[in-house]
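One structure is given here, and the rest of the page talks about it.
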Amino acid sequence: KLEVYTEVLARLHAAEERAPGFDDDLWSHFNRLPARYAMDVNVERAEDVLTHKRLLELAKDPAQRPAFAVRAVQVSPIVDGNQTDADSHTAGEEVASRLLNRQQSIHPPPAFGSSTNLEALALEASKSQGQDQDSTSDNVRSLYRPMHEITFSTIDKPKLLSELTCLLGEIGLNIQEAHAFSTNDGYSLDVFVVVGWHAEETEDLIEELKKEINKIEETQAWSTSHSWSSPVENMQIVENSTADHVAIPTDGASEWEIDIKLLNFGNKVASGSYGDLYRGTYCSQDVAIKVLKPERVNVDMQREFAQEVYIMRKVRHKNVVQFIGACTKPPRLCIVTEFMSGGSVYDYLHKHKGIFKLPALVGVAMDVSKGMSYLHQNNIIHRDLKTANLLMDENGVSIVFFQLFMMHASLEIMFHKS
Numbered sequence: 027k028l029e030v031y032t033e034v035l036a037r038l039h040a041a042e043e044r045a046p047g048f049d050d051d052l053w054s055h056f057n058r059l060p061a062r063y064a065m066d067v068n069v070e071r072a073e074d075v076l077t078h079k080r081l082l083e084l085a086k087d088p089a090q091r092p093a094f095a096v097r098a099v100q101v102s103p104i105v106d107g108n109q110t111d112a113d114s115h116t117a118g119e120e121v122a123s124r125l126l127n128r129q130q131s132i133h134p135p136p137a138f139g140s141s142t143n144l145e146a147l148a149l150e151a152s153k154s155q156g157q158d159q160d161s162t163s164d165n166v167r168s169l170y171r172p173m174h175e176i177t178f179s180t181i182d183k184p185k186l187l188s189e190l191t192c193l194l195g196e197i198g199l200n201i202q203e204a205h206a207f208s209t210n211d212g213y214s215l216d217v218f219v220v221v222g223w224h225a226e227e228t229e230d231l232i233e234e235l236k237k238e239i240n241k242i243e244e245t246q247a248w249s250t251s252h253s254w255s256s257p258v259e260n261m262q263i264v265e266n267s268t269a270d271h272v273a274i275p276t277d278g279a280s281e282w283e284i285d286i287k288l289l290n291f292g293n294k295v296a297s298g299s300y301g302d303l304y305r306g307t308y309c310s311q312d313v314a315i316k317v318l319k320p321e322r323v324n325v326d327m328q329r330e331f332a333q334e335v336y337i338m339r340k341v342r343h344k345n346v347v348q349f350i351g352a353c354t355k356p357p358r359l360c361i362v363t364e365f366m367s368g369g370s371v372y373d374y375l376h377k378h379k380g381i382f383k384l385p386a387l388v389g390v391a392m393d394v395s396k397g398m399s400y401l402h403q404n405n406i407i408h409r410d411l412k413t414a415n416l417l418m419d420e421n422g423v424s425i426v427f428f429q430l431f432m433m434h435a436s437l438e439i440m441f442h443k444s
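Each residue of the sequence shown is one higher than the last, beginning at 27 in the numbering used here.
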């Protein structure tokens with residue numbers, strides 16, 4: 027962090043961006059963000075750091091949320107070191123070179139230097155150019171189609187990334203790359219590189235984003251966005267209420283409230299922005315205990331928690347990680363599930379060099395298909411199916427379906443480290 031901060035500061039000083047207290051403010055900006063931010067940000071574009079700092083400040087004002095900025099960006103293909111001189115002088119390459127030179131440096135690169143995927147895509151597109159000049163020209167123009175970087179800042183919360191990606195999708199944008207950061211004081215900084223907008227100019231795109239944000243605000247989706255409807259959506263949760271528990275709608279289902287005194291907490295095995303996960307026991311059964319951090323619990327979080335419990339208590343399938351119960355009495359709100367001793371499919375693949383023997387592969391596919399089929403039959407959309415959310419034990423593979431925790435913790439390490 028210090029090295030990147032020093033270089034950015036030097037560049038900004040050279041550009042006369044300095045003001046009283048500016049150095050300290052910039053250091054505070056880097057300190058409130060994770061180290062990954064300093065590692066990824068493009069130090070040659072120091073002015074982008076100022077944009078991020080400004081958006082995070084704007085996000086403190088509820089009337090400005092979500093604060094956002096839009097700009098056109100450009101990614102050039104990486105140089106192919108295996109290309110020969112003869113290759114580079116074909117007629118098609120000469121046309122491509124002229125077009126590239128003409129369009130180079132029109133727009134700045136994305137804010138984050140980890141755009142090798144975009145550069146590789148650009149190289150692949152340039153390699154696939156046709157042999158005739160017309161085809162080559164069309165391909166190069168396609169390669170340099172309008173590309174934009176959209177940066178959001180608002181209050182950090184569960185499912186925020188999903189809401190933002192849906193927002194971009196609604197106006198026809200295709201995300202090429204995304205960077206998401208959470209500050210240590212509860213704000214988010216989310217940066218998307220997108221294609222799909224018809225023009226390089228940003229004015230119309232900004233207006234379209236404002237319209238879409240207004241639609242979401244009218245439906246209160248920023249605070250109560252769910253993939254399904256349930257009685258929880260109509261719950262009235264009052265901030266600073268004196269209630270001694272979070273109310274969960276009843277539907278005649280069996281008891282699931284757990285007395286926290288009956289939980290034996292073991293080692294903490296994972297930690298996220300909104301909660302910690304422990305391995306423990308409940309009535310002599312190995313369990314995973316997910317505890318919300320009391321200081322992060324607010325009205326929206328209580329609503330998310332209630333929604334989570336309401337849905338999970340209805341899910342009963344051998345290929346979905348089993349919900350056991352929940353503690354709904356503050357200050358320790360927690361969800362208890364079965365403990366999966368085999369770890370995740372993600373870790374298994376990495377330890378075994380990405381190889382499943384065919385019978386095991388078929389077994390995994392069948393288990394996942396059965397679990398997903400069950401969820402879909404019950405009108406539940408997972409939205410984050412990946413190998414890190416597929417957990418194993420001696421009985422097979424089960425799907426992790428706990429949205430409140432999936433968005434804010436590394437579930438690939440949650441269930442097998444002790």
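Ideal placement from N, C-alpha and C gives every residue a C-beta, glycine not left out. For clarity, every value in this text was computed on a predicted model and none was experimentally measured.
Boundaries of the beta strand (DSSP E) in which residue i is found, first to last residue
{"i": "Asn293", "result": "Leu289 to Ser297"}
{"i": "Met418", "result": "Leu416 to Asp419"}
8 Å contact criterion, which residue i and residue j should meet: CB distance rounded
{"i": "Phe178", "j": "Ile201", "result": "About 12 Å separates the two Cβ atoms, so there is no contact after all."}
{"i": "Gly351", "j": "Met418", "result": "That belief does not hold up - the Cβ atoms of Gly351 and Met418 are roughly 23 Å apart, past 8 Å."}
{"i": "Val96", "j": "Val67", "result": "About 18 Å; that fails the 8 Å criterion."}
{"i": "Ile284", "j": "Cys192", "result": "That belief does not hold up - the Cβ atoms of Ile284 and Cys192 are roughly 34 Å apart, past 8 Å."}
{"i": "Val323", "j": "Tyr304", "result": "That pair is no contact at about 17 Å."}
{"i": "Met366", "j": "Phe349", "result": "About 13 Å; that fails the 8 Å criterion."}
{"i": "Phe56", "j": "Lys86", "result": "The pair is not a contact, with the Cβ atoms about 18 Å apart (cut-off 8 Å)."}
{"i": "Gly397", "j": "Ile361", "result": "Contact doesn't hold; Cβ gap of about 19 Å is too wide."}
{"i": "Thr413", "j": "Leu375", "result": "6 Å"}
{"i": "Gln100", "j": "Pro46", "result": "In fact, because the Cβ distance is near 36 Å, the residues do not count as touching under 8 Å."}
Residue i - containing alpha helix (DSSP H), residue span
{"i": "Leu403", "result": "Sequence inspection shows Gln at residue 403; the Leu mentioned does not correspond to that position. Segment Leu384 to Gln403, the alpha helix (DSSP H) holding Gln403."}
{"i": "Tyr372", "result": "Val371 to Lys377"}
{"i": "Thr77", "result": "Ala72 to Leu84"}
{"i": "Gln348", "result": "Premise fails: Gln348 is in no alpha helix (DSSP H) and is neither H nor E."}
{"i": "Ala332", "result": "Val325 to Met338"}
{"i": "Asp285", "result": "First-last for Asp285: undefined, no H or E at that position."}
{"i": "Asp51", "result": "Phe48 to Arg58"}
{"i": "Asp66", "result": "Ala61 to Asp66"}
Helix, strand or coil at residue i [DSSP, three-state]
{"i": "Gln90", "result": "helix"}
{"i": "Phe427", "result": "coil"}
{"i": "Glu29", "result": "helix"}
{"i": "Lys237", "result": "helix"}
{"i": "Tyr300", "result": "coil"}
{"i": "His133", "result": "coil"}
{"i": "Cys360", "result": "strand"}
{"i": "Arg322", "result": "helix"}
{"i": "Asp410", "result": "coil"}
{"i": "Arg305", "result": "strand"}
{"i": "Val34", "result": "helix"}
{"i": "Ser256", "result": "Here the model assigns Ser256 a pLDDT of 35, short of 50, so the residue's position is not dependable and the matter cannot be decided."}
{"i": "Gly198", "result": "coil"}
{"i": "Asp211", "result": "coil"}
{"i": "Ile232", "result": "helix"}
{"i": "Ala112", "result": "Confidence in Ala112 is poor, its pLDDT being 47 and thus under 50, which makes the residue's placement unreliable; the coordinate value appears in the next sentence. In the structure shown, Ala112 sits in a helix (DSSP, three-state: H, G or I)."}
{"i": "Ile381", "result": "coil"}
{"i": "Thr18", "result": "Nothing can be reported for residue 18, as the shown portion of the chain is limited to 27 through 444."}
Identified DSSP bridge partners for residue i
{"i": "Arg97", "result": "Glu175"}
{"i": "Glu203", "result": "Val219"}
{"i": "Val317", "result": "Asp302 and Cys360"}
{"i": "Ala225", "result": "Answer by DSSP bridge pairing: none, since Ala225 is not bridged."}
{"i": "Thr180", "result": "Ser214"}
{"i": "Gly368", "result": "For Gly368, which the question treats as bridged, DSSP gives no partner whatsoever."}
Spatial neighbours of residue i in its chain, beta-carbon cut-off 6 Å, leaving aside the 5 residues before and after
{"i": "Lys294", "result": "Asp302 and Tyr304"}
{"i": "Val75", "result": "Val34"}
{"i": "Ile37", "result": "Ile is not the amino acid found at residue 37; the sequence shown has Arg there. Cβ neighbours of Arg37 beyond the five flanking positions: Ala72."}
{"i": "Asn210", "result": "Arg58"}
{"i": "Leu84", "result": "Gln90 and Ala93"}
{"i": "Asp492", "result": "Not covered by the structure: residue 492. The range shown for the chain is 27 to 444."}
{"i": "Ala98", "result": "His133, His174 and Glu226"}
Sequence-distant residues of its chain with Cβ nearer than 7 Å to residue i (five each side left out)
{"i": "Trp223", "result": "Pro172, His174, Leu199 and Leu231"}
{"i": "Val357", "result": "Correcting the residue identity first, residue 357 is Pro in this sequence and not Val. Closer than 7 Å at the Cβ level, and outside the excluded window around Pro357, lie Pro320."}
{"i": "Glu238", "result": "Leu193, Glu196 and Ile197"}
{"i": "Thr32", "result": "none"}
Nonlocal neighbours in the same chain, by C-beta distance under 8 Å from residue i, ignoring five residues either side
{"i": "Cys309", "result": "Leu288"}
{"i": "Glu420", "result": "Ser367 and Gly368"}
{"i": "Leu235", "result": "Phe94, Val96, Ile176, Leu193 and Ile197"}
Short CB-CB distance (under 8 Å) between residue i and chain D
{"i": "Ala61", "result": "The structure shown has no chain D; it contains just one protein chain."}
The ligand COA heavy atom lying under 7 Å from the CB of residue i
{"i": "Asp419", "result": "As far as ligands go, the structure on display features none, and thus does not contain the ligand COA."}
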